[in-house]
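Enquirer: Quick note: our numbering has the sequence shown finishing at residue 623, numbered continuously throughout.
Glycine included, every Cβ here is placed at the ideal spot set by N, Cα and C.
What follows is a single structure, and I will ask about it in a moment.
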Amino acid sequence: MSRFDVQARRSFYTGLRDVLPTMVATSVWALVTGIALVKSGLTVGMSVLMTVLVYAGSAQLTALPLIVSGAPLWLVFAAACVVNIRFVIFGAALHPYFRHFSRRRRLLLGYLSGDIVFVLFMQRYADARDKGTRDQLWYFVGVIVPGWLSWQACSLLGIYMGSGVPASWSLDYAAILALLAIIIPLITTRPMAISLCAAAVAAWFGQGLPLRLGLVAAVIAGVAAGVAAERQARKRPPARPRWRRRIAALLRRLG
369 MSRFDVQARR SFYTGLRDVL PTMVATSVWA LVTGIALVKS GLTVGMSVLM TVLVYAGSAQ
429 LTALPLIVSG APLWLVFAAA CVVNIRFVIF GAALHPYFRH FSRRRRLLLG YLSGDIVFVL
489 FMQRYADARD KGTRDQLWYF VGVIVPGWLS WQACSLLGIY MGSGVPASWS LDYAAILALL
549 AIIIPLITTR PMAISLCAAA VAAWFGQGLP LRLGLVAAVI AGVAAGVAAE RQARKRPPAR
609 PRWRRRIAAL LRRLG
């Protein structure tokens, strides 16, 4: 076995190891999404086609009430695009790592990627000096393949068991818990926390909006607040450690 094969395998298993802790929460989210597709009135065939082609739980749950209410196709498409606008940012950030691939391969990698994939990959390679290396590709593959398989399996399970789920079960609550389990560990910076708070406030006050447009408002508010907080953080000079400030104050007194 060549050195490159060993490195590729090691990177793949590293990605697999990193994504495994997140798969419990994403699997619950996929299961709830699959059940919601059938409960909304879609046929099993339509639900399967939607979950395979779209592969985005938030976009699916945003589009469902619009489809059921008979909203025009352009509105369904626009709402799904607004909810998934973050993937444009993700794609731009990931482009330097995969730009040497053909368009077909980049489209495939983009289809298989998701929020967790982006976070895990950028946490590991955001500061990498060389971009587009073999180990980066195989780490990415190690994250996206099990993530896609678990999502599709649990979503399909939800679709086929959806008709037998009692209406009294609080599936919305389970979905919220699953999302919180995914999101909270990712909040590591102040802009992230501000973005989360802004989205939560907008979602709360937007509950009464028709066609679940409160979710769209939450996405816009979260992105806008996060971008503004990130820009403000970049303008602010980095704070010196406390011991350095004390030494500087002591030197000023002595001087």
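Can you list, in chain order, the residues of its chain with a C-beta nearer than 6 Å to that of residue 611? Leave out the 5 residues immediately preceding and following it.
Expert: Note that residue 611 scores a pLDDT of 49, beneath 50, so its modelled location is shaky; the value from the coordinates is reported in the next line. Hits under 6 Å: none found.
Enquirer: Would you check if the distance between the CB atom of residue 465 and the CB atom of residue 500 is smaller than 7 Å?
Expert: Yes.
Enquirer: Please check the pair residue 413 and residue 522, which I expect to be a contact at CB under 8 Å, by giving their CB distance rounded to whole angstroms.
Expert: So it is not a contact: roughly 19 Å between Cβ atoms.
Enquirer: Can you tell me the Cα-Cα spacing of residue 493 and residue 463, whole angstroms?
Expert: Their Cα atoms are separated by approximately 13 Å.
Enquirer: Helix, strand or coil for residue 393 per DSSP?
Expert: Reduced to three states, the DSSP call for residue 393 is helix.
Enquirer: Since residue 479 and residue 423 should fall inside the 8 Å C-beta cutoff, what is the C-beta to C-beta distance between them, to a whole number of angstroms?
Expert: Contact holds; Cβ gap of about 7 Å.
Enquirer: Can you grab the Cα-Cα spacing for the pair residue 496 / residue 489, in whole Å?
Expert: Distance between the alpha carbons of residue 496 and residue 489: 11 Å.
Enquirer: Given that a residue counts as buried once 16 or more other Cβ atoms are within 10 Å of its Cβ, and exposed if not, what is residue 483?
Expert: The residue in question, residue 483, is buried, as its Cβ has 16 or more Cβ neighbours within 10 Å.
Enquirer: Just tell me which of 555, 468, 571 has its CA closest to the CA of residue 498.
Expert: Nearest C-alpha to residue 498: 468.
Enquirer: How big is the Cα-Cα spacing for residue 415 and residue 398?
Expert: Their backbone Cα atoms lie some 12 Å apart in a straight line.
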